[in-house]
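A.B. asks:
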Amino acid sequence: MPLDKLSHPQQARAWFDNIPIQNQYTVGIAGEVFFRGLMDGKLLAAHCQECGRTFLPPTLYCGNCFSTSGEWREIVPHGVIDTFTVVHLDLEDNRLEQPELIALVRFEGCEGGLIHRLGEIDAAQVEVGMPVEVVFRPPQEREGSILDIAHVRPLTKS
Ligand SMILES: [Zn+2]
Numbered sequence: 199m200p201l202d203k204l205s206h207p208q209q210a211r212a213w214f215d216n217i218p219i220q221n222q223y224t225v226g227i228a229g230e231v232f233f234r235g236l237m238d239g240k241l242l243a244a245h246c247q248e249c250g251r252t253f254l255p256p257t258l259y260c261g262n263c264f265s266t267s268g269e270w271r272e273i274v275p276h277g278v279i280d281t282f283t284v285v286h287l288d289l290e291d292n293r294l295e296q297p298e299l300i301a302l303v304r305f306e307g308c309e310g311g312l313i314h315r316l317g318e319i320d321a322a323q324v325e326v327g328m329p330v331e332v333v334f335r336p337p338q339e340r341e342g343s344i345l346d347i348a349h350v351r352p353l354t355k356s
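In terms of the working numbering, the sequence shown is residues 199 to 356.
(1) Going by other Cβ atoms of all chains shown within 10 Å of its Cβ, with 16 needed for buried, is residue 268 buried or exposed?
(2) When you get a sec, list the residues whose CB is within less than 5 Å of any heavy atom of ligand 1, chain order please.
(3) Measure the alpha-carbon distance for residue 308 versus residue 287 and round it to whole angstroms.
(4) Out of 350, 208 and 203, point me to the one whose CA is closest to residue 282's CA.
(5) Under the three-state reduction of DSSP, which class applies to residue 214: helix, strand or coil?
(6) For residue 275, count the other beta carbons within 10 Å of its own beta carbon; 16 or more makes it buried, fewer makes it exposed. Which is it?
(7) How should residue 227 be labelled, buried or exposed, when 16 other C-beta atoms within 10 angstroms of its C-beta is the threshold for buried?
(8) Which residues mark the beginning and the end of the alpha helix (DSSP H) in which residue 227 is found?
(9) Quick one: is residue 260 buried, meaning 16 or more other Cβ sit within 10 Å of its Cβ, or exposed?
(10) Which residue wins for smallest C-alpha separation from residue 326, given the options 222, 218, 310 and 279?
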């Protein structure tokens, strides 16, 4: 009976299908500043003037004390590998000709981090804690995207 109370979700009549859905999100105020910074070859973090914490990616308010008194700070684009993985399949499960290295990079003095491609190194050489630097695409190729960062690579001592 349609009006009987269901005691378990599996008792509900259902059919299964797929609905194609496409979403579009704005990057928000903090994201706008961050991505414009990438176009200028800068990593911009949000620094809370109340509690002194710095966030990258930046946020509009502090995740620690909820203050909105943040200011933008350009940070040195050098970090360390927090963790990494080797990707062998694309989004459709097709085997990649060349496996890709993906790393979570953390930056000194910042909470958060960036996940990006790791380049100019072989998988066997990658280590957690390894110093790396951000490599930006040439200015004429930047378009306000996370891909304005070409990749991160081992930090050279120059
Ligand atoms: Zn704070």
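For every residue, glycine included, the Cβ atom is placed at its ideal position computed from N, Cα and C.
Treat the numbers as computed from the prediction; the structure is a model and nothing was measured.
C.D. replies: Taking the coordinates as given:
(1) So residue 268 ends up on the buried side.
(2) For ligand 1, the selected residues are 246, 248, 249, 260, 262, 263 and 265.
(3) For residue 308 and residue 287, the distance between alpha carbons rounds to 31 Å.
(4) 350
(5) DSSP places residue 214 in the coil class of the three-state scheme, outside both helix and strand.
(6) buried
(7) exposed
(8) 226-237
(9) Residue 260 should be labelled buried.
(10) Checked all of 222, 218, 310 and 279; the closest Cα to residue 326 is 279.
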